[in-house]
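A.B. asks: Using the UniProt record's numbering, the letters of the sequence shown map in sequence onto residues 1 to 145. Structure in structure tokens, see below.
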Amino acid sequence: MVDDKTAHLQSEVNRIAALLNARPIQAGVVLKDDDRNIYIDDDGRYHYDYWERGRQRVDHVGDIDEALYWFACDIAFDIGGSSSARHCPRDQDPRILMWAKQYEVLNRVNPGWATRCVRETADLLRRWGRHDDVALLPNIPGRDG
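Written out as structure tokens, the structure reads:
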């Protein structure tokens, strides 16, 4: 039996997936073979996680907005990667188009999420010592730290 919170989560997952022309995932079901999951734990915390080869690799925990943000980010990243693979000129770094498309797609769902994604990606790149790569991201306020 699905409770009201899980039903609401599924409704939001379906809404976002439809906006992005993507396949929704089933809320409340944890699959462990190269799968993404979105669910509510026994303490009422929302999770968006990823399993690879039977091991949990990523587990984002927070409120419903956090879980939906990570779900949308992953879909947008996949869309960006596919778009870049098909349309990127040979003389251009494919990440430019990938990250631009990810931003564009997320912006359609939630402009705040799009901005957050660029800023978080920039922060990751800086932490990894890839400071020059930050310039490949969409040029939004706050990108450059």
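Every residue, glycine too, gets a C-beta built ideally from N, C-alpha and C. It should be emphasised that the depicted structure is a prediction, and the values quoted were computed from it without experimental measurement.
Confirm, please, whether the CB-CB distance from P94 to V118 is below 9 Å.
C.D. replies: The sequence position of residue 118 within the sequence shown is 118, counting from 1. The sequence position of residue 94 within the sequence shown is 94, counting from 1. No, these two residues do not count as a Cβ contact at 9 Å.
A.B. asks: What is the residue span of the beta strand (DSSP E) that D133 lies within?
C.D. replies: Against the sequence shown, residue 133 aligns to sequence position 133. Note, D133: premise wrong, no beta strand (DSSP E); not H, not E.
A.B. asks: Can you tell which of Q56, R55, W70 has its C-alpha closest to the C-alpha of G62?
C.D. replies: Sequence index remark: in the sequence shown, residue 62 carries index 62 (1-based). Comparing Cα positions, the closest option is W70.
A.B. asks: On the DSSP bridge assignment, give the partners of G62 in chain order.
C.D. replies: Locating residue 62 in the sequence shown gives position 62, counting from the first residue. Answer is Y46, bridged to G62.
A.B. asks: With a Cβ-Cβ cutoff of 9 Å, do A72 and W113 count as a contact?
C.D. replies: Position 72 of the sequence shown holds residue 72. Position 113 of the sequence shown holds residue 113. Result yes, Cβ atoms of A72 and W113 sit closer than 9 Å.
A.B. asks: Determine the extent of the beta strand (DSSP E) in which N139 is found, giving its start and end residues.
C.D. replies: Taking the sequence shown and counting its residues from 1, the one referred to as residue 139 is at position 139. It is not in any beta strand (DSSP E) - N139 carries neither H nor E in the DSSP assignment.
A.B. asks: Looking at the secondary structure, which residues open and close the alpha helix (DSSP H) in which D4 lies?
C.D. replies: In the sequence shown, the residue the question calls residue 4 occupies position 4. Looking at the DSSP string, the run of the alpha helix (DSSP H) that includes D4 is 4-19.
A.B. asks: How far does the beta strand (DSSP E) with R23 in it extend, from its first residue to its last?
C.D. replies: As a working note, residue 23 is residue 23 in the sequence shown. Premise fails: R23 is in no beta strand (DSSP E) and is neither H nor E.
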